[in-house]
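Residue numbers (this note's numbering), protein chains in the order written: chain A, 595 to 850; chain B, -9 to 302. Accompanying notes for the structure given below.
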Amino acid sequence: MKIAVLVKQVPGSETALPILGNHSWIDEQQVSFVMNPPDNFAIEEALLIKERTGDGEVVIVSMGPARAQKVIREGLAKGADRGIHLEEEGQIQTDPLSIAKSFTSILKDENFDLVLTGLQSDDTGMGQTGVLIGEMLGMSTGTLAMETDVQDNTIRVKRELESGWFQWVRLPLPASISIQSGLNTPRYPSLRGIMGAKKKEIKVVSPSDHQTGSISQSIEKVFVPQASKQTEVIEGDADAAVMRIVEILKSDIKVL
Amino acid sequence: MDILVILEDNRGSLHRMSKEAIAGAQKMGGSISALAIGSNADALAEELSGVDLVEVITVSHDLVSSYNADGYSEVVKQVIESESPQTIVIGHSYQTRDFMPRVSAKLDIPFIPDIISMDDGIVKQVLNAKLNASCSTSAEQMILSFQSAAFSDEDMASGSCTSRTFDSNLDSATVRAESEEPFQEAAGDVDLEAAELLVSIGRGIEKEENIQIAFDLAKALGAEVSASRPVVDSGWVEPFRQVGSSGQNVSPKLYFSLGISGAIQHVVGMKGSKNILAINKDPDAPIFEIADYAVVGDVLEIVPKLIEALHN
């Protein structure tokens, strides 16, 4: 079983997000980056599948500037076998189709049985790269996996639907699967894993060797959301708050 | 055709987000048609017979009688190729995430997902909803998906429309996935989506023993009880009470939120509520940004007193 896990380095949830002067994106110089949290679940699932099936290879693949090698190394420290870094220069790509084409150009010769991705990235949140790549590589696709079960040349996936519904789907391999957060408990790298990761291979692909040049979608500007509502703030002691709430329920919303 | 709205079948009737997508398309303007796929396609078309659309295109084929990503993406691709809409519009549901990128890749049409507004360009949330981004495309056609409650289904303009059958050309080799019947792990008899009043519990309730005060408040108000994912994951209430992207989408007259911080995954499921009254200890809780009434205080202190006041 040869498994690719696509990961991304994104701003951490606690970091400040200063907007660039031209509003084109945030000022990454002032941002601290982490592994995209949903990707941890995809890495864990890949390692579990490898352990269950008894053999194979887990390859961490990431696109990004030089800093992205940190998250590839993190995956290697957890037990993945090698990494591929699709290098980017300047501002990060935000066009899912061209990102998927870059990945596809590199992944197609590797002949992976499985491509795993997290649910979505916490930065641009496009939530489609894994499925785009699956289609481009002629793979079957499944999303929001809550459980996986690899058998012979198929993978059974328990998909999360809405409103508490689930569905089992059996897909022929090769397949591209997006993993729902929370389905497993991602492991921490051991000290031995961290030491060992330093010796593992990361293949670096320069921008000219993966970029297609056709960009059809972009983020023009980012801005701080304006509150869309007039909010009445009720502070102070509990008795006064209770009186005001009763009044609101009676006179404003009229539910009493 | 300017806009093609792709409809979603929610066990025999239109998914609420499909109605919101129609309302959004109508707001964008131009000639709008809709596409219904599957064994319930005619029922969905019938449901829209009083809505201001050019027509509902229906596709019923054995290979897409129920949803599967292989078949749906192929059908949608064929309809787009045949009808050449400039914009393809759909609700940003789990099903959309599952198959719409396939359409985008097949036709090389950019897919801008999870849009919250079309007022000032195409706006989506980025960086965990801390910032908004306006997006653009240079392509001639585009696919847009609207976040839950970006538009209101009540704004769907009435009128009339016809329906037409589209003959899709599907090969059994197209559908590679074998899909089993959908199931619920814990079915409940509570219909949150139909509830007029909801009392909703978040992590701020602190302990399982405290859940009772939410049920007592709900009883005093004649409301149903719902909850955020962490409360459900802790096993304090049943999964069918969960509101949010992985639970129910609700839009009651009153959403009374008790100790819910307001993570984006929760907010997308309830921000369409007519009135949001939130109690939270943390004055910076994100829930207050969308609340009509923000009560800064301790749920465990305020709610028992409120129940007492309601009984008097």
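Glycine included, C-beta positions come from ideal geometry on N, C-alpha and C.
In the three-state scheme derived from DSSP, where H, G and I count as helix and E and B as strand, Y782(A) is classed as coil.
Neighbours of G287(B) in chain A, taken as residues whose beta carbon is under 7 Å from its own, are A832, A835 in chain order. Taking CB atoms only, A95(B) has a neighbour in chain A less than 9 Å away. Assignment of alpha helix (DSSP H) within the stretch 666 to 734 of chain A, counting only whole runs of 4 or more residues, yields 690 to 701, 723 to 730 in chain order.
Going by beta carbons, G249(B) and N270(B) fall inside the 9 Å limit.
DSSP, reduced to helix, strand and coil, places G658(A) within a strand of the structure shown.
If you look at S770(A), you'll find it in the beta strand (DSSP E) that goes 769 to 773. Residue environment for M720(A): buried (at least 16 other C-beta atoms within 10 angstroms of its C-beta). Burial state of R786(A) is exposed, judged by a 10 Å Cβ sphere holding fewer than 16 other Cβ atoms.
Secondary structure at Q820(A): coil, using DSSP grouped into helix, strand and coil.
Residues of the same chain with a CB within less than 8 Å of the CB of V69(B), apart from the 5 flanking positions on each side, are L(-6), L25, I47, V49, F156, S158 in chain order. Every beta strand (DSSP E) stretch that sits fully inside the stretch 238 to 290 of chain B and reaches 3 residues is listed by chain position as 244 to 248, 265 to 270, 283 to 286. Under the three-state reduction of DSSP output, V625(A) falls in the coil class, being neither helix nor strand. Interface flag for M260(B) against chain A is unset, since no Cβ pair is found closer than 9 Å. A direct Cα-to-Cα measurement between E826(A) and R838(A) gives close to 11 Å.
Your pair I620(A) and L611(A) checks out as a contact, with CB atoms roughly 5 Å apart and the cut at 8 Å. For G225(B), not one C-beta of chain A is nearer than 9 Å to its own C-beta.
Put simply, the CB of S812(A) is near chain B, with a gap under 9 Å to one of its CB atoms. In the same chain as S29(B), and ignoring 5 residues on each side of it, the C-beta atoms closer than 6 Å to its own belong to S55, in chain order. The Cβ of A59(B) sits closer than 9 Å to at least one Cβ of chain A. Residues of chain A with a Cβ closer than 8 Å to the Cβ of T127(B) are, in chain order, S810, Q811, S812. Closest option to G790(A), judged by alpha-carbon separation, among E651(A), L670(A), I749(A), T718(A): L670(A). Interface annotation, Q85(B): in contact with chain A, CB-CB separation under 9 Å. Against chain B, a Cβ distance below 9 Å from K702(A) picks out nothing, because the smallest value is about 14 Å.
Within chain B, the residues whose beta carbon sits less than 7 Å from that of L726(A) are P91, S94, A95, listed in sequence order. At a cut-off of 9 Å, the C-beta of L777(A) has no neighbouring C-beta in chain B. Cβ proximity to chain A below 9 Å picks out nothing from the stretch 64 to 80 of chain B. Nearest Cα to H82(B) within the set I297(B), A275(B), S235(B): S235(B). Against chain A, the CB of I280(B) has a partner CB under 9 Å away; the residue lies at that interface.
Think of a sphere of 8 Å around the beta carbon of R166(B): the chain A residues whose beta carbon falls inside it are S734, L765, P766, in chain order. Taken in chain order, the complete beta strand (DSSP E) segments of 3 or more residues contained in the stretch 56 to 121 of chain B are 77 to 81, 101 to 107, 112 to 116.
For G719(A), at least one C-beta of chain B is nearer than 9 Å to its own C-beta.
At least one beta carbon of chain A lies nearer than 9 Å to the beta carbon of N122(B).
Among the residues facing chain B, Q624(A) is not included, as its CB has no counterpart in that chain under 9 Å away. The three-state secondary structure of G736(A), taken from DSSP, is strand.
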